[in-house]
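Colleague:
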Amino acid sequence: MTTTQNAANAAEELVFTRPASLADRATHYCPGCHHGIAHRLVAELLDEMDLAGRTVAASSIGCSVFLYNYIKVDTVESPHGRAPAVATGIKRARPECFCFTYQGDGDLASIGMAEIMHAANRGERLSVVFVNNTVYGMTGGQMAPTTLIGQKTTTCPGGRCHDREGSPIRMAEIISQLGGTAFCARASLDSVKNIRQAKKYMRQAFEAQTRGLGFGFVELLSGCPTNWRLSPVAANKRITEEMIPYFPLGVFKELAGDGTCGSTVAPDTAAGTAAGTAAGAAGEGK
Amino acid sequence: MAGAKDLIFVKGNEAIAMGALDAGCRCFFGYPITPQNDIPEYMSKAIIDAGGEFVQAESEVAAANMLLGAGACGVRAMTSSSSPGMSLKQEAISYMAGSEIPAVIVNMNRGGPGLGDIGPSQGDYFQSTRGGGHGDYRLLVLAPSSAQEAYDMTHKAFDLAFAYRSPVLILGDAIIGQMKEPIRRRELTLAAPDEGAAWRLEGTKADLPAGAPPRAHRIIKSLYLMDGELAGQNKMLQAKYEQWKKLVEFETFEVKDADLVVVAYGSIGRIAKNAVRALRKKGKKVGLFRPKTLYPFPEKALARLAKEGKKFLTIEHNLGQMVEDVRLSVRHHADSDLFCVYPGNMPSPDDFEAPILRALGRK
Numbered sequence: 000m001t002t003t004q005n006a007a008n009a010a011e012e013l014v015f016t017r018p019a020s021l022a023d024r025a026t027h028y029c030p031g032c033h034h035g036i037a038h039r040l041v042a043e044l045l046d047e048m049d050l051a052g053r054t055v056a057a058s059s060i061g062c063s064v065f066l067y068n069y070i071k072v073d074t075v076e077s078p079h080g081r082a083p084a085v086a087t088g089i090k091r092a093r094p095e096c097f098c099f100t101y102q103g104d105g106d107l108a109s110i111g112m113a114e115i116m117h118a119a120n121r122g123e124r125l126s127v128v129f130v131n132n133t134v135y136g137m138t139g140g141q142m143a144p145t146t147l148i149g150q151k152t153t154t155c156p157g158g159r160c161h162d163r164e165g166s167p168i169r170m171a172e173i174i175s176q177l178g179g180t181a182f183c184a185r186a187s188l189d190s191v192k193n194i195r196q197a198k199k200y201m202r203q204a205f206e207a208q209t210r211g212l213g214f215g216f217v218e219l220l221s222g223c224p225t226n227w228r229l230s231p232v233a234a235n236k237r238i239t240e241e242m243i244p245y246f247p248l249g250v251f252k253e254l255a256g257d258g259t260c261g262s263t264v265a266p267d268t269a270a271g272t273a274a275g276t277a278a279g280a281a282g283e284g285k
Numbered sequence: 000m001a002g003a004k005d006l007i008f009v010k011g012n013e014a015i016a017m018g019a020l021d022a023g024c025r026c027f028f029g030y031p032i033t034p035q036n037d038i039p040e041y042m043s044k045a046i047i048d049a050g051g052e053f054v055q056a057e058s059e060v061a062a063a064n065m066l067l068g069a070g071a072c073g074v075r076a077m078t079s080s081s082s083p084g085m086s087l088k089q090e091a092i093s094y095m096a097g098s099e100i101p102a103v104i105v106n107m108n109r110g111g112p113g114l115g116d117i118g119p120s121q122g123d124y125f126q127s128t129r130g131g132g133h134g135d136y137r138l139l140v141l142a143p144s145s146a147q148e149a150y151d152m153t154h155k156a157f158d159l160a161f162a163y164r165s166p167v168l169i170l171g172d173a174i175i176g177q178m179k180e181p182i183r184r185r186e187l188t189l190a191a192p193d194e195g196a197a198w199r200l201e202g203t204k205a206d207l208p209a210g211a212p213p214r215a216h217r218i219i220k221s222l223y224l225m226d227g228e229l230a231g232q233n234k235m236l237q238a239k240y241e242q243w244k245k246l247v248e249f250e251t252f253e254v255k256d257a258d259l260v261v262v263a264y265g266s267i268g269r270i271a272k273n274a275v276r277a278l279r280k281k282g283k284k285v286g287l288f289r290p291k292t293l294y295p296f297p298e299k300a301l302a303r304l305a306k307e308g309k310k311f312l313t314i315e316h317n318l319g320q321m322v323e324d325v326r327l328s329v330r331h332h333a334d335s336d337l338f339c340v341y342p343g344n345m346p347s348p349d350d351f352e353a354p355i356l357r358a359l360g361r362k
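Residue numbers (numbering that gives the first Met the number 0), protein chains in the order written: chain A, 0 to 285; chain B, 0 to 362.
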């Protein structure tokens with residue numbers, strides 16, 4: 000080894016590593032899928048907030064069913080849509096633990112609608128990471144409650160029709176209306192800027208629990224290139240141009256008070272007013 | 000307040016709630032449905048007073064899944080319901096059986112199918128003893144016939160649930176739940192602090208000294224996709240169910256010299272006992288066999304009686320469900336007659352005398 004190389008090695012600084020809570024293994028996710036990013040954000044926060052060692056997670060059904068293979072925290076597998084109920088049981092049994100669910104849009108907004116609504120309304124001290132990619136991914140790309148009007152899926156091959164299948168459900172807006180919600184926001188994983196914002200929101204959702212304020216909820220707009228029949232780059236573009244205009248980004252509810260019953264919503268974060276503030280330029284331009 | 004050894008006069012439903020509390024149950028998740036409402040109503044105050052948690056869930060489905068979550072944490076937890084609600088709970092019960100989560104579930108059986116009625120029935124025998132949800136699994140099923148037994152069995156159910164890492168079902172009915180009887184409570188026994196310590200979820204640094212590296216993370220699951228993996232899991236579960244055979248319990252009454260044995264469980268077993276008692280006074284050689292565990296079913300004990308040449312009559316508050324297990328048990332030596340009380344009708348001991356005599360007289 001030459002002197003020059005030694006000097007170069009000595010100057011090396013590791014600036015980007017895998018979070019300790021993230022397993023060192025390849026994921027089963029498709030190329031361009033955003034679950035990997037969402038997993039990493041969860042793991043980074045569990046480490047940064049020193050929560051991993053006292054976390055019990057409720058995984059869900061769908062592509063993210065294998066959450067427990069990638070995030071190294073105690074985890075119980077929940078039936079489809081029931082993670083918020085399972086997490087309620089966990090948190091009531093072990094209030095000293097940090098508890099989160101990680102759910103897709105079929106799981107949370109369709110079969111699990113009752114569980115998510117009531118867990119939020121009771122103000123369970125839980126944090127929910129909701130990954131919205133507008134399709135059922137694991138089962139092959141069927142229509143989800145969040146599928147956009149006109150979007151073609153394997154069960155609405157002619158495109159989702161408002162009159163036949165109803166309109167895509169905006170979960171963050173709904174959850175923000177419930178009394179027990181302490182923090183509720185929507186972010187997107189389509190750009191570096193938005194990913195940074197997503198992490199900030201997720202931290203706030205986690206803090207809603209650690210500070211005992213109430214229920215924390217973050218919706219993450221995500222890509223599913225495989226089932227959208229798009230390249231990863233085109234899938235990102237679709238999030239920016241088609242999803243964000245319908246699913247506006249921002250904070251929909253943030254408790255300003257001490258989290259006790261009847262706490263007020265900060266005026267500048269009332270539902271919808273912050274919508275779009277964190278949206279990408281293309282989204283705002285539409 | 001009554002002391003632990005005093006007789007108190009309570010409903011069967013309340014006895015169940017007290018049995019759970021005295022066994023250290025610290026989480027209750029319920030949903031209103033008749034005829035079990037006394038259980039969540041009692042728990043909503045008593046379990047909070049005991050330092051536990053009560054949640055009136057948004058649905059039977061959610062209540063069962065909350066139970067799953069609490070059980071996965073190794074905490075003694077319970078839910079209760081009645082027949083239509085039990086249908087809804089089956090999803091979570093299957094997951095709990097598949098992922099070996101201990102829990103106690105109470106079904107105060109009412110008439111069906113559908114909305115049925117709110118009166119007593121034994122129409123959920125198949126659902127209870129065959130698993131109830133999807134997949135190959137069984138529950139330990141305990142069937143009380145009095146308020147005291149309801150208390151004792153619920154108390155014991157928690158020990159069994161944790162000993163075998165399985166949901167345990169208490170199968171009563173509207174009679175057991177609504178009837179008031181004297182019971183004696185036991186001293187409070189809390190769960191051992193290390194109960195489930197080898198598998199429960201509590202965080203990878205729980206109970207470790209500060210700065211110690213976390214243990215490996217634990218996963219409680221029922222998904223096994225790799226080739227042969229699920230087969231292994233099912234084999235393990237079947238081996239567990241095989242172990243349960245030693246837990247079998249039953250009551251016999253006037254069986255020794257009986258020519259005919261009436262087989263009946265729960266409230267019907269108790270009513271049949273009175274019929275047997277009345278017929279004995281008339282010199283009829285009849286007896287009663289009352290299974291207290293419905294799964295495991297006391298098949299060997301019944302087979303022994305069959306070998307002795309006895310005849311059998313199964314009496315049930317349904318259209319003939321347990322009779323299948325009785326016939327399977329005695330099949331090498333005997334058969335069983337069947338007398339059904341249709342759900343919607345309330346039987347009295349007198350109603351059973353004629354069918355018992357008919358079966359006794361059969362060649």
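We put the CB at the ideal spot given by N, CA and C, even for glycine.
May I ask you to report which of helix, strand or coil DSSP gives F296/B?
Modeller: Reduced to three states, the DSSP call for F296/B is coil.
Colleague: Please report the straight-line C-alpha distance between T268/A and R121/A, rounded to a whole angstrom.
Modeller: Because the pLDDT of T268/A is 43, which lies under 50, any placement of that residue in the model is unreliable, and the number read from its coordinates should be weighed accordingly. Roughly 21 Å separates the two Cα atoms.
Colleague: Looking at F205/A: is its Cβ nearer than 8 Å to the Cβ of N131/A?
Modeller: It is not a contact, given that the beta carbons lie outside the stated cut-off.
Colleague: Reducing DSSP to helix, strand and coil, say where Q203/A ends up.
Modeller: Three-state DSSP puts Q203/A in a helix.
Colleague: For chain A, check one thing: does any of its Cβ atoms lie closer than 8 Å to the Cβ of F28/B?
Modeller: Yes, F28/B counts as interfacial toward chain A.
Colleague: Which bits of chain B does E76/A rub up against, with CB to CB less than 8 Å?
Modeller: Those are Y94, S98, I218, I219, K220, S221, L222, listed as they occur along chain B.
Colleague: Quick one: what does DSSP say G140/A is sitting in, helix, strand or coil?
Modeller: Note: G140/A maps to coil in three-state DSSP.
Colleague: Tell me whether F216/A sits in a helix, a strand or coil according to DSSP, three-state version.
Modeller: Reduced to three states, the DSSP call for F216/A is strand.
Colleague: Can you check whether the C-beta of E114/A is within less than 8 Å of a C-beta belonging to chain B?
Modeller: Taking Cβ atoms only, chain B reaches closer than 8 Å to E114/A, which makes this a yes.
Colleague: By a C-beta neighbour count over all protein chains shown, 10 Å radius and 16 as the cutoff for buried, is M42/B buried or exposed?
Modeller: M42/B should be labelled buried.
Colleague: Answer with yes or no whether the minimum CB distance from C260/A to chain B is below 8 Å.
Modeller: Interpretation of C260/A is limited by its pLDDT of 41, a score under 50 that renders its predicted location unreliable; the figure taken from the coordinates is listed afterwards. Answer no: the Cβ-Cβ gap between C260/A and chain B never drops below 8 Å.
Colleague: What does the Cβ neighbour count give for F15/A, buried or exposed, with the cut at 16 atoms within 10 Å?
Modeller: With fewer than 16 Cβ atoms within 10 Å of its Cβ, F15/A is classed as exposed.
Colleague: Return the first residue and the last residue of the beta strand (DSSP E) that M107/B is part of.
Modeller: Unbroken beta strand (DSSP E) run through M107/B: 102–108.
Colleague: Between which two residues does the beta strand (DSSP E) harbouring P166/B extend?
Modeller: First-last of the beta strand (DSSP E) with P166/B: 166–172.
Colleague: When burial is assigned at 16 or more other CB atoms within 10 Å of the CB, is C26/B buried or exposed?
Modeller: So C26/B counts as buried.
Colleague: Assuming N317/B and S144/B make a contact with CB atoms under 8 Å, what is their CB distance in whole Å?
Modeller: Wrong, their Cβ atoms sit about 16 Å apart, outside the cutoff.
Colleague: Would you mind working out which of M77/B, A302/B, G282/B sits nearest D158/B, comparing C-alpha positions?
Modeller: Ranking M77/B, A302/B, G282/B by Cα distance to D158/B puts M77/B first.
Colleague: For V254/B, list the residues DSSP reports as bridge partners.
Modeller: In DSSP, V254/B forms no bridge with anything.
Colleague: Consider the Cβ of G50/B: report whether some Cβ of chain A lies at a distance smaller than 8 Å.
Modeller: Taking Cβ atoms only, chain A never reaches closer than 8 Å to G50/B, which makes this a no.
Colleague: Report yes or no: is there a C-beta of chain A within less than 8 Å of the C-beta of L236/B?
Modeller: Judged by the 8 Å Cβ criterion, L236/B is not in contact with chain A.
Colleague: Determine the closest residue to T313/B out of L259/B, P295/B, K291/B, with distance taken between C-alpha atoms.
Modeller: T313/B has its Cα closest to that of L259/B, out of L259/B, P295/B, K291/B.
Colleague: I'd like to know whether the C-beta atoms of T188/B and G70/B end up nearer to each other than 8 Å.
Modeller: No.
Colleague: Could you please give the first and the last residue of the uninterrupted beta strand (DSSP E) stretch that includes L141/B?
Modeller: L141/B -> beta strand (DSSP E) spans 139–141.
Colleague: Let me know the secondary structure DSSP gives G258/A once reduced to three states.
Modeller: Since pLDDT at G258/A reaches only 49, below the 50 mark, its modelled position is unreliable, and no value is offered.
Colleague: On the CB-based measure, 16 or more other CB atoms within 10 Å of its CB, does Y135/A come out buried or exposed?
Modeller: Y135/A is buried by the Cβ-count criterion.
Colleague: Roughly how many angstroms separate the alpha carbons of D334/B and I267/B, rounded to a whole number?
Modeller: Roughly 20 Å separates the two Cα atoms.
Colleague: Which stretch, first to last residue, makes up the beta strand (DSSP E) that contains R185/A?
Modeller: Per DSSP, R185/A belongs to the beta strand (DSSP E) from 180–187.
Colleague: If the cut is a Cβ gap below 8 Å, which residues of chain A does A69/B touch?
Modeller: Within 8 Å Cβ-Cβ: G88, I89, R91, A92.
Colleague: Leaving out five residues before and five after A358/B in sequence, what residues of the same chain have Cβ atoms less than 7 Å from its Cβ?
Modeller: Around A358/B: L259, K310, L312, D336.
Colleague: Hey, which unbroken runs of the alpha helix (DSSP H) at 4 residues or more fall wholly within the segment 217–295 of chain B?
Modeller: For the segment 217–295 of chain B, whole alpha helix (DSSP H) runs of length 4 or above, ordered along the chain, are 228–242, 265–280.
Colleague: Does the beta carbon of Y67/A sit closer than 8 Å to a beta carbon anywhere in chain B?
Modeller: Answer yes: the Cβ-Cβ gap between Y67/A and chain B drops below 8 Å somewhere.
Colleague: Spatial neighbours of I115/A within its chain, please: C-beta separation below 6 Å, excluding the five flanking residues on both sides.
Modeller: Answer for I115/A: P83, L107, listed in chain order.
Colleague: If I'm right that T251/B touches L222/B with Cβ under 8 Å, what's the distance once you round it to whole angstroms?
Modeller: Actually they are not in contact, since the Cβ atoms of T251/B and L222/B sit about 44 Å apart, beyond 8 Å.
Colleague: Relative to the C-alpha of R183/B, which candidate in D21/B, P348/B, P346/B, E352/B has its C-alpha closest?
Modeller: For R183/B, the nearest C-alpha among the options comes from D21/B.
Colleague: Counting only Cβ pairs nearer than 9 Å, list the residues of chain A close to N233/B.
Modeller: Chain A residues near N233/B: none, gap ~17 Å exceeds 9 Å.
Colleague: Taking 8 Å as the cut-off, decide whether the C-beta atoms of I100/B and L67/B are in contact.
Modeller: It is a contact, given that the beta carbons lie within the stated cut-off.
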